[in-house]
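Quick note: the sequence shown, position 22, residue 31 per the numbering used here, numbers continuous.
First up is the structure itself, then whatever we jot down about it.
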Amino acid sequence: MPRLDSSNYGYWKVRMQAFISGLDEDCWSSIEAGWSPPVMLDDKKVEVLKPRDKWTAAEKKASSCNSKAKTAIYNAIDTSYFRFISQCASAQKAWKTLE
10 MPRLDSSNYG YWKVRMQAFI SGLDEDCWSS IEAGWSPPVM LDDKKVEVLK PRDKWTAAEK
70 KASSCNSKAK TAIYNAIDTS YFRFISQCAS AQKAWKTLE
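Put into structure tokens, the structure is as follows:
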């Protein structure tokens with residue numbers, strides 16, 4: 010996998026799209042559509058993060074795909090870019106930051 014540097018964004022982007030889609034088509038969807046941690050309403054009807062042990066199978070898969078896509082991005086960039094995306098919670102945010 011090529012590493013993103015200051016001269017190869019177009020090439021890197023096409024290769025990464027293919028690689029991430031190859032992991033799982035839903036992994037690429039996590040970049041296109043985004044991902045947020047699941048939430049639920051508490052007793053006071055306030056939105057709070059849903060505990061992981063209450064996540065549905067679909068929520069677990071979406072989280073897993075986001076993590077796989079984010080890991081692929083992290084491992085395919087030059088170290089000089091990592092500081093820009095290291096705090097991104099979603100693969101979509103990391104991708105857009107690198108654009």
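We put the beta carbon where it would ideally sit given N, CA and C, even for glycine.
For the stretch 58-86, the continuous alpha helix (DSSP H) assignments of 4+ residues that do not extend past its boundaries occur at 66-83, in sequence order. For the set S38, M25 and I86, the Cα lying nearest the Cα of S73 is the one of S38. The residue from S99, K59 and W44 with its alpha-carbon nearest to that of D51 is K59.
With respect to the C-alpha of K69, the residue from K54, Y20, G19 and W44 having the closest C-alpha is W44.
Counting every other CB atom within 10 Å of its CB across the protein chains shown gives K54 a total below 16, marking it as exposed.
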